[in-house]
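From first to last, the protein sequence lines stand for chains U and P. Positions 1 to 40 (our numbering) are the ones given, in order, by the first sequence. Positions 41 to 277 (our numbering) are the ones given, in order, by the second sequence. Since the structure comes first, as structure tokens, the remarks are kept for the end.
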Amino acid sequence: MTDWAYVALGYGGTIVVLGGYCLRLVLRARQTRASQDGRP
Amino acid sequence: MTPARQRALGVATLLALGAFAVLALLISPKDSRHGDAVRLLYVHAPTAWTAYLAYVVAAIASAMWLWPRTRRPSWDHLAGAAAEFGVLSTGLTLFLGSVWAKESWGTWWQWEARLTTTAVLFFVYLGYLALRRLGGPGAERRNAIAALLAVVQVPIVHFSVTWWRSIHQEGSVFNQRGEVEINDATMQWALWSGVIAFTLLFLWCCLLRMRTLELESSAAETALDAAIRERVGTVNA
Numbered sequence: 001m002t003d004w005a006y007v008a009l010g011y012g013g014t015i016v017v018l019g020g021y022c023l024r025l026v027l028r029a030r031q032t033r034a035s036q037d038g039r040p
Numbered sequence: 041m042t043p044a045r046q047r048a049l050g051v052a053t054l055l056a057l058g059a060f061a062v063l064a065l066l067i068s069p070k071d072s073r074h075g076d077a078v079r080l081l082y083v084h085a086p087t088a089w090t091a092y093l094a095y096v097v098a099a100i101a102s103a104m105w106l107w108p109r110t111r112r113p114s115w116d117h118l119a120g121a122a123a124e125f126g127v128l129s130t131g132l133t134l135f136l137g138s139v140w141a142k143e144s145w146g147t148w149w150q151w152e153a154r155l156t157t158t159a160v161l162f163f164v165y166l167g168y169l170a171l172r173r174l175g176g177p178g179a180e181r182r183n184a185i186a187a188l189l190a191v192v193q194v195p196i197v198h199f200s201v202t203w204w205r206s207i208h209q210e211g212s213v214f215n216q217r218g219e220v221e222i223n224d225a226t227m228q229w230a231l232w233s234g235v236i237a238f239t240l241l242f243l244w245c246c247l248l249r250m251r252t253l254e255l256e257s258s259a260a261e262t263a264l265d266a267a268i269r270e271r272v273g274t275v276n277a
């Protein structure tokens, strides 16, 4: 593997994990707020 | 924190992450020994730092919950939110360290002090998160005590490279004598911008998760109150 392949693997994995977590947090916060307000 | 301030923190986090990406991937030079793979270090060290920070914040929040004068449900929510981000950061630290190890040591994993203690830290906090999900009476006290016991591992992980024989470098930023390991100024900027960006990300995620936990907790209480009222109404009728 080349140096850039290691970098792509490391940064790509980090973006997927952190991006997925942040997205989940935002969606869950919106869903919780909506259910509190009585919206579907 | 008001929603406007939280949004401002989110924007600051995005800007810091963008600046970090430019510094780490485009501006910082190659390393003489590791070539471009050194860029992994700029994200590996910040994830390890945010994991330590998250576990210490979880322990402080747990202590504040246990102290009768400062006991508030928000401390328990903060502990849960911080520990969740800590587990994520520790997982990423292990993953990035493994990629770094493959490049520099030629193997994905070694059962040596730093890697093994970090893996133990990850699984212990994963257990802590599972414990939190159990709920039930006295859950907050049990969670707080568990967080205070688990945080003892943080100094063990950090000093494992000096206490035991290890192939892991002493420190990615500072060595044992407190001297900075990275000599190039641009490389140092890339590393510190990563530390700042990931710290801001931790704060933003923590505040958002804490708010969600508070809303979920109040929704659960409201549902419980309604169920009790319904039950009492049925019995009286």
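For every residue, glycine included, the Cβ atom is placed at its ideal position computed from N, Cα and C.
Candidates P/162, P/238, P/127: closest to residue 58 of chain P by CA position: P/238
Interface partners of residue 251 of chain P on chain U, CB under 7 Å: 29
Where residue 75 of chain P sits in the DSSP three-state scheme: strand
Within chain U, partners of residue 136 of chain P - CB distance below 8 Å: Under the 8 Å cutoff, chain U gives 10, 13, 14.
Where residue 41 of chain P falls, given that 16 or more other Cβ within 10 Å makes a residue buried: exposed
Member of P/97, P/112, P/230 whose CA lies at the smallest distance from the CA of residue 254 of chain P: P/112
Contacting residues, own chain, Cβ-Cβ under 7 Å from residue 147 of chain P (five flanking each side not counted): 141
Expected contact under 8 Å - CB spacing of residue 190 of chain P and residue 164 of chain P to nearest Å: The pair is a contact, with the Cβ atoms about 5 Å apart (cut-off 8 Å).
Exposure of residue 1 of chain U, with buried meaning 16 or more beta-carbon neighbours within 10 Å: exposed
Positions along the stretch 15 to 26 of chain U whose CB lies within less than 8 Å of some CB in chain P: 17, 18, 21, 22, 25, 26
Burial state of residue 271 of chain P, where buried means 16 or more other Cβ atoms lie within 10 Å: exposed
Same chain, Cβ closer than 8 Å to residue 79 of chain P, neighbours up to 5 away in sequence not counted: 64, 65, 68, 230
Cβ neighbours of residue 125 of chain P in the same chain (closer than 8 Å, five flanking residues each side left out): 90, 94, 242, 245, 246, 249
Candidates P/222, P/158, P/169, P/223: closest to residue 116 of chain P by CA position: Measuring from the Cα of residue 116 of chain P, the nearest candidate turns out to be P/169.
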